[in-house]
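Novice: Take the sequence shown: its letters are residues 47 to 317, numbered as in our numbering.
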Amino acid sequence: MKRVLVGPLLKLVYRPWVRGAENVPAEGPAILASNHQAVIDSFFLPLMVERQLVFIGKQEYFTGSGLKGRLVSGFMRGVGTIPVDRGGGRASEAALRTGLRHLGEGGLFGIYPEGTRSPDGRLYRGKTGVARLAVESGAPVVPVAMVGTADAQPIGRRIPKIMRIGMVIGEPLDFSRYQGMENDRFILRSVTDEIMYAIMSISGQEYVDVYAATQKARIATGRAAASGETSEAQPVAPGGRPVPQVAPPAPPDEPSTDEPSAGGDEAGSRR
């Protein structure tokens with residue numbers, strides 16, 4: 047019910063646009079692996095996909111107090127979000143098992159491989175949970191790039207700025223060749239890096255080869271600059287791959303020079 051009521055309002059106010067919608071399978075299981083720039087990613091991502099999408103959200107989205115906390119919790123439950131304890135352990139394992147069960151039923155399952163929001167709009171190292179889901183379930187992975195949410199709702203801002211929100215959906219990735227290798231940590235890292243590279247290739251984001259949670263801790267203690275992850279550092283890409291030259295996506299009615307397609311890494315200007 048909350049999706050029915052809130053969804054049209056969000057679409058009216060923020061005029062979301064989607065590129066590559068045809069890359070989401072019309073039926074059968076699939077994993078939507080998205081970058082994570084703002085809290086509102088979890089509002090717009092399920093609203094901008096035609097099929098019902100279930101995804102993992104941090105436990106804090108369900109335990110907030112006051113009117114805002116109840117509204118967020120209600121909306122998350124309304125769009126099918128599965129709470130996960132980011133502390134790891136059995137809670138995270140249970141969430142992954144729930145994802146596998148949903149995929150086994152032929153559904154769409156969404157996940158943020160970075161594990162938490164980017165602290166600065168860049169793309170961070172992916173956690174291997176997404177690879178476990180892909181290898182164990184055999185479902186294709188569809189890379190997703192949320193566009194504009196970091197500008198609309200930077201960390202610390204409660205009410206998002208009114209502006210256009212976008213989503214670019216890349217071509218599905220098939221990892222069935224690794225069937226039965228879900229416990230091989232080297233395979234999981236390789237698969238995860240391939241997924242993050244696909245996200246980088248459609249988002250135009252700069253990549254940082256550390257976990258977002260680690261960078262947040264460094265920022266909190268004033269050690270971010272000393273760690274070497276600055277804008278002046280040598281550009282890198284997941285798994286040591288060549289850095290794709292990709293322009294940040296723009297809305298369809300606001301064409302940019304050398305605009306990339308939803309498929310990936312055509313030449314453009316790098317941010």
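Note that CB positions come from ideal geometry on N, CA and C, so glycine has one too. Quick caveat, the model's predicted, so the values are computed rather than measured.
Looking at I241: is its Cβ nearer than 8 angstroms to the Cβ of A76?
Specialist: As a first step, residue 241 is located in the sequence shown; it is residue number 195 there, counting from the start. As a first step, residue 76 is located in the sequence shown; it is residue number 30 there, counting from the start. No.
Novice: Kindly indicate which residue of T162, P92 and W63 has the alpha-carbon position closest to the one of G53.
Specialist: Counting from one through the sequence shown, the residue named residue 53 turns up at place 7. Of T162, P92 and W63, the residue nearest in Cα terms is P92.
Novice: Assign D239 to buried or exposed, taking buried as 16 or more other Cβ atoms, counted over all protein chains shown, within 10 Å of its Cβ.
Specialist: Position 193 of the sequence shown, counted from the start, is the residue given in the question as residue 239. Burial call: buried.
Novice: Using DSSP's beta-bridge definition, name the partner residues of F221.
Specialist: Numbered from its first residue, the sequence shown carries residue 221 at position 175. F221 is not bridged to any residue.
Novice: Over the uninterrupted alpha helix (DSSP H) stretch that includes M213, give me the two end residues.
Specialist: Position 167 of the sequence shown holds residue 213. Per DSSP, M213 belongs to no alpha helix (DSSP H); it is in the beta strand (DSSP E), G212 to I215.
Novice: Along the chain, where does the alpha helix (DSSP H) containing V237 start, and where does it finish?
Specialist: As a first step, residue 237 is located in the sequence shown; it is residue number 191 there, counting from the start. Unbroken alpha helix (DSSP H) run through V237: R231 to S249.
Novice: Considering only their Cβ atoms, is the gap separating V181 from P218 smaller than 8 angstroms?
Specialist: As a working mapping, residue 218 is identified with position 172 in the sequence shown. As a working mapping, residue 181 is identified with position 135 in the sequence shown. No; because the gap between Cβ atoms is not below 8 angstroms, this pair is not in contact.
Novice: Could you check what DSSP says for A308 in three-state terms: helix, strand or coil?
Specialist: In the sequence shown, the residue the question calls residue 308 occupies position 262. With a pLDDT of 45 at A308, under the threshold of 50, the modelled position of this residue cannot be trusted; read the value that follows with caution. Note: A308 maps to coil in three-state DSSP.
Novice: Curious, which full-length alpha helix (DSSP H) runs of at least 4 residues does the stretch 60–144 contain?
Specialist: With a minimum length of 4 residues, the continuous alpha helix (DSSP H) runs that stay inside the stretch 60–144 are 87–93 and 112–124.
Novice: Decide if the stretch 149–157 is in contact with the stretch 108–117; the criterion is three or more beta carbon pairs, one per stretch, under 8 angstroms apart.
Specialist: Because the criterion of three Cβ pairs below 8 angstroms is not met, the stretch 149–157 and the stretch 108–117 do not touch.
Novice: Which same chain residues end up closer than 7 angstroms to T174 when comparing Cβ atoms and leaving out the 5 residues on each side of it in sequence?
Specialist: Counted from its first residue, the sequence shown places residue 174 at position 128. Cβ within range, chain order: L234, R235 and T238.
Novice: Specify the secondary structure class of V188 as computed by DSSP and reduced to three states.
Specialist: In the sequence shown, counting from the first residue as 1, residue 188 sits at position 142. If DSSP states are grouped into helix, strand and coil, V188 belongs with the strands.
Novice: Please report the distance separating the alpha-carbon of Q83 from that of S164.
Specialist: For this step, residue 83 is matched to residue 37 along the sequence shown. For this step, residue 164 is matched to residue 118 along the sequence shown. Using only the alpha carbons, I get a separation of about 5 angstroms.
Novice: Residues in the same chain with beta-carbon distance under 6 angstroms from P206, minus the five sequence neighbours each way, listed in chain order, please.
Specialist: The residue labelled residue 206 in the question sits at position 160 within the sequence shown. Within the same chain, P206 has close Cβ partners I86, A198 and Q199.
Novice: Please tell me whether, using a cut-off of 7 angstroms, the distance from the CB of G120 to the nearest non-hydrogen atom of the ligand GTP is below it.
Specialist: Absence of the ligand GTP from the depicted structure is noted, as is the absence of any ligand whatsoever, leaving it without description.
Novice: For F101, count neighbouring C-beta atoms within 10 Å of its own C-beta (all shown protein chains included) and say buried if the count is 16 or more, exposed if not.
Specialist: Looking up residue 101 in the sequence shown gives position 55. When all chains shown are included, F101 counts as buried.
Novice: Quick check: L99 and G145, are their CB atoms within less than 8 angstroms of each other?
Specialist: If you number the sequence shown from 1, residue 99 lands on position 53. If you number the sequence shown from 1, residue 145 lands on position 99. No, the pair does not count as a contact, with Cβ atoms beyond the cut-off.
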